[in-house]
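Number of protein chains: 2
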Amino acid sequence: MNSNRSNVPQGGRESSDLPAQSPQANRESETEQRILDAARQVFILNGFSGARMQAIADKAGINKAMLHYYYRNKQKLFDAVFTEALGKILHVVFAIVESDAPLDDKIPLFFNEYIGILQRHPHMPAFVVNEVNQNGNWLPEIFKKHGVHKPKKLLQQFAEIYQQPELDCPRPEHLMVNMLGLALFPFLAAPLLKRVLNMDDADFAAFLEERKTHLPAFFQQAIKTT
Amino acid sequence: MNSNRSNVPQGGRESSDLPAQSPQANRESETEQRILDAARQVFILNGFSGARMQAIADKAGINKAMLHYYYRNKQKLFDAVFTEALGKILHVVFAIVESDAPLDDKIPLFFNEYIGILQRHPHMPAFVVNEVNQNGNWLPEIFKKHGVHKPKKLLQQFAEIYQQPELDCPRPEHLMVNMLGLALFPFLAAPLLKRVLNMDDADFAAFLEERKTHLPAFFQQAIKTT
DNA sequence: GCAGGCGTCAACCAAATGGTTAAACCCTTT
DNA sequence: AAAGGGTTTAACCATTTGGTTGACGCCTGC
Numbered sequence: 091m092n093s094n095r096s097n098v099p100q101g102g103r104e105s106s107d108l109p110a111q112s113p114q115a116n117r118e119s120e121t122e123q124r125i126l127d128a129a130r131q132v133f134i135l136n137g138f139s140g141a142r143m144q145a146i147a148d149k150a151g152i153n154k155a156m157l158h159y160y161y162r163n164k165q166k167l168f169d170a171v172f173t174e175a176l177g178k179i180l181h182v183v184f185a186i187v188e189s190d191a192p193l194d195d196k197i198p199l200f201f202n203e204y205i206g207i208l209q210r211h212p213h214m215p216a217f218v219v220n221e222v223n224q225n226g227n228w229l230p231e232i233f234k235k236h237g238v239h240k241p242k243k244l245l246q247q248f249a250e251i252y253q254q255p256e257l258d259c260p261r262p263e264h265l266m267v268n269m270l271g272l273a274l275f276p277f278l279a280a281p282l283l284k285r286v287l288n289m290d291d292a293d294f295a296a297f298l299e300e301r302k303t304h305l306p307a308f309f310q311q312a313i314k315t316t
Numbered sequence: 091m092n093s094n095r096s097n098v099p100q101g102g103r104e105s106s107d108l109p110a111q112s113p114q115a116n117r118e119s120e121t122e123q124r125i126l127d128a129a130r131q132v133f134i135l136n137g138f139s140g141a142r143m144q145a146i147a148d149k150a151g152i153n154k155a156m157l158h159y160y161y162r163n164k165q166k167l168f169d170a171v172f173t174e175a176l177g178k179i180l181h182v183v184f185a186i187v188e189s190d191a192p193l194d195d196k197i198p199l200f201f202n203e204y205i206g207i208l209q210r211h212p213h214m215p216a217f218v219v220n221e222v223n224q225n226g227n228w229l230p231e232i233f234k235k236h237g238v239h240k241p242k243k244l245l246q247q248f249a250e251i252y253q254q255p256e257l258d259c260p261r262p263e264h265l266m267v268n269m270l271g272l273a274l275f276p277f278l279a280a281p282l283l284k285r286v287l288n289m290d291d292a293d294f295a296a297f298l299e300e301r302k303t304h305l306p307a308f309f310q311q312a313i314k315t316t
């Protein structure tokens, strides 16, 4: 689909997913937003190297040259999409995780909110994980840009639990990683899990919904010290 | 790197990672194995669409045409690599998970063994997750080929714990997913975690090692019913 | 020692792909 | 209504890339 031999005219709107609109009779640069939306979809679905500029242009319903007009090249466009995507995810997590709420409130809140976002952007985690693994060079930049830092508050709260060392006291980092992993993993491995557990999309959606209540119980039981 | 303009001779060995060997004076098709090894490295590092046949040939120290001689095309070569990779992972997990060992033995065994394999193939999870998310069509085939099925034994064991419903009884599937996620997630998100938690490679290796003992404790505490 | 075939290679090819260009388009300003 | 500038387009280009081809080498069996 969307093939386009070289030296052959392009730019028809026939394959656009968005409703054709009278071009450019819009408010300030709606085009730019349509490009971003289209790019996000294509990049998330195919990854950086799998994404095709033509596919993005088609999905946005514009000429390929426009992509380079607004974003100089593929990498720049990708960076815009990715930075926004990763930023959105990180921002929400950190807002919850670094809040002043007591741990007993924070844990259910985290699982509820976080799984909630992920349900609305189910492909985000795999996308981010994939690209970060293939090229993590720009991570520092993005982290700086979004003010991401070691979540000291949460780690501190975890550390306090084990003041009286009844259980072997784990590094609080483990608990944080566990928390993230428990929430994120089903989204990362969704296709595999569906297949192994014999679930269709509806089953899986219900399964994820259950986890919003299961995970807080599971996690809080795991760190109970009494 | 490894650029190669069209119509320009290729096939020098200068960029091979393997020691140059006298060609073809070897036992039955060592070449095939070298191709597989090289392909695995390149595919795992770059994904399907990011991998270049030329890069694989270079890494294997052979001519690009050989790739097509042994494996008709890129997809076939990828399938061979991927099937082997996913199979290896699934096989070990299922051997442990579906054994007759009692749950209290099985849980530490699982975390130990599984994290152990993953330490030796740290990029495998991200690779599998990525490709499975971008194209899960051939999952059924691979699953059939490796005899992967719903792990009934483990799920049964999980279900038995909650016979007396003191805690709210979660679907045993949740516990299985939790187990997998806890073990796998750090490998999937390694670059992110290193950055967020301020760990260098040595720190992170130690962190993973700790998890072999932390996770059984964490998990068993979480499912304790008394 | 020569016929046949597997393995290997340099060279080649067509399509795909990211990127560029020059002209048009349309709205605003004067 | 003409000038001017941001926006959009069709056509084009250079390079990359997966894949093919024809020949050569070398070992084996006769």
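Protein chains in written order, with my numbering: chain A, 91 to 316; chain B, 91 to 316.
Glycine included, each C-beta is placed from N, C-alpha and C at the ideal position.
Check: Of all the residues that make up the segment 257–272 of chain B, which are near chain A by a beta-carbon distance shorter than 9 Å?
Finding: Cβ contacts with chain A: L257, D258, P260, R261, E263, H264, L265, M266, V267, N268, L270, G271 and L272.
Exercise for the section: For L208 (chain B), I'd like the list of residues in its chain whose CB is within less than 6 Å of its CB, leaving aside the five on either flank, ordered along the chain. Expected result: Excluding residues within five positions, the ones whose Cβ falls inside 6 Å are F277.
- [ ] Compute the distance between the beta-carbons of F201 (chain A) and G271 (chain B), then report whether it is under 8 Å.
- [x] No, the pair does not count as a contact, with Cβ atoms beyond the cut-off.
V222 (chain B) touches chain A at which residues, Cβ-Cβ below 7 Å? For V222 (chain B), the chain A residues whose C-beta falls within less than 7 Å of its own C-beta are P281 and L282, listed in chain order.
Would you mind telling me which residues of chain B sit closer than 7 Å to K240 (chain A), beta carbon to beta carbon, in chain order?
Correct list: V286, L287 and N288.
Strictly below 9 Å CB to CB, what residues from chain B border G177 (chain A)? Per Cβ cutoff of 9 Å: no residues; G177 (chain A) is ~13 Å from chain B at best.
field: Contact list for S189 (chain A) against chain B, beta-carbon separation under 9 Å
entry: Near S189 (chain A) there are no residues of chain B at all, since even the closest Cβ is about 17 Å away, more than 9 Å.
- Along chain B, which residues have their Cβ under 7 Å away from the Cβ of H304 (chain A)? Result: P260 and H264.
- Query: Of all Cβ atoms in chain A, is any one closer than 8 Å to the Cβ of R301 (chain B)?
  - Reply: Yes, R301 (chain B) lies at the interface with chain A (some Cβ there is under 8 Å from its Cβ).
**Message:** Please state the DSSP three-state secondary structure of G140 (chain A).
**Reply:** Note: G140 (chain A) maps to helix in three-state DSSP.
My assumption, with CB atoms under 8 Å, is that I205 (chain A) sits in contact with L298 (chain A). Please give the rounded CB distance. Contact annotation, I205 (chain A) with L298 (chain A): C-beta distance approximately 6 Å; criterion of less than 8 Å satisfied.
For the alpha helix (DSSP H) that contains M289 (chain A), what are its first and last residues?
Unbroken run through M289 (chain A): none, as it is neither H nor E.
Q.
Between B:A292, B:P198, B:K196 and B:L135, which has its C-alpha nearest H211 (chain B)'s C-alpha?
A. The candidate whose alpha carbon is nearest that of H211 (chain B) is B:L135.
* To do: With DSSP collapsed to three states, give me the class of Q123 (chain A).
  => Correct three-state label for Q123 (chain A): helix.
Checklist entry - Quick one, which residues of the segment 126–153 of chain B are near chain A if we go by CB-CB under 7 Å, in chain order? => result Near chain A, meaning a CB-to-CB distance below 7 Å, the residues of the segment 126–153 of chain B are N136, G137, S139 and G140.
message: Between the alpha carbons of F294 (chain A) and R261 (chain B), how many angstroms are there, rounded?
response: Within the model, the alpha-carbon separation for F294 (chain A) versus R261 (chain B) is close to 13 Å.
Separation of K235 (chain A) from I251 (chain A), as counted between CA atoms: In a straight line, the C-alpha of I251 (chain A) is about 32 Å away from that of K235 (chain A).
*Quick one: what's got a C-beta closer than 6 Å to L180 (chain A)'s C-beta in the same chain, skipping five residues either side?*
Counting only Cβ-Cβ distances below 6 Å, and skipping sequence neighbours, we find H236 and V238.
- Which residues in the same chain as Q247 (chain B) place their Cβ atom closer than 7 Å to its Cβ, once the five residues preceding and following it in sequence are excluded? Around Q247 (chain B): L193.
At a Cβ threshold of 8 Å, is P276 (chain B) touching chain A? Chain A contact via Cβ: present.
* Asked: So which of A:M266, A:I146, A:E300 and A:F138 has the shortest CA-CA distance to L126 (chain A)?
  -> Measuring from the Cα of L126 (chain A), the nearest candidate turns out to be A:I146.
Can you tell me whether DSSP reads D169 (chain A) as helix, strand or coil?
The answer is helix: DSSP assigns D169 (chain A) an H, G or I state.
Pick out whichever of B:E221, B:E231 and B:K302 has its Cα sitting closest to the Cα of M269 (chain B).
Distances from the alpha-carbon of M269 (chain B) to those of B:E221, B:E231 and B:K302 put B:K302 closest.
Can you give me the Cβ contacts of Q224 (chain B) inside the same chain, cut-off strictly under 6 Å, excluding the 5 residues immediately before and after it?
Excluding residues within five positions, none has a Cβ falling inside 6 Å.
| field | Opening and closing residue of the alpha helix (DSSP H) in which G206 (chain A) lies | value | Start and end: L193 to R210.
DSSP-derived helix/strand/coil call for D190 (chain A): In the structure shown, D190 (chain A) adopts coil according to DSSP, grouped into three states.
Checklist line | Backbone CA spacing between E155 (chain B) and G177 (chain B) [nearest angstrom] | finding: In the sequence as displayed, the identity of residue 155 (chain B) is Ala instead of Glu. Roughly 28 Å between the two C-alpha positions.
Original post:
Among residues of its own chain, excluding the 5 on either side of A309 (chain A), which ones have a beta-carbon nearer than 8 Å to its beta-carbon?
Top reply: Looking at the sequence provided, one finds Phe at residue 309 (chain A) rather than Ala. The residues I197, F201, N268, M269 and L272, in chain order, have a CB closer than 8 Å to that of F309 (chain A) in the same chain once the five nearest residues on each side in sequence are set aside.
Exercise. Where L283 (chain A) and D195 (chain A) are concerned, what is the direct C-alpha to C-alpha distance, given to the nearest angstrom?
Worked result: Distance between the alpha carbons of L283 (chain A) and D195 (chain A) is about 30 Å.
- Message: Please list, in chain order, the chain A residues whose beta carbon lies closer than 7 Å to that of V219 (chain B).
- Response: Here the neighbours are A216, V219, L278 and A279.
Secondary structure of K314 (chain B), DSSP reduced to three states: The answer is coil: DSSP assigns K314 (chain B) none of H, G, I, E or B.
Within the 8 Å Cβ cut-off, does Q253 (chain B) reach chain A? Not an interface residue.
Same chain only: Cβ atoms within 6 Å of T173 (chain A), ignoring 5 sequence neighbours per side:
These residues qualify, in order along the chain: I232.
So, are the CB atoms of K243 (chain A) and N288 (chain B) less than 8 Å apart? Against a cut-off of 8 Å, the Cβ pair of N288 (chain B) and K243 (chain A) comes out as no contact.
Just to confirm before moving on: does the CB-CB distance between R221 (chain A) and L245 (chain A) stay below 8 Å?
According to the sequence displayed, residue 221 (chain A) carries Glu and not Arg. Contact: no.
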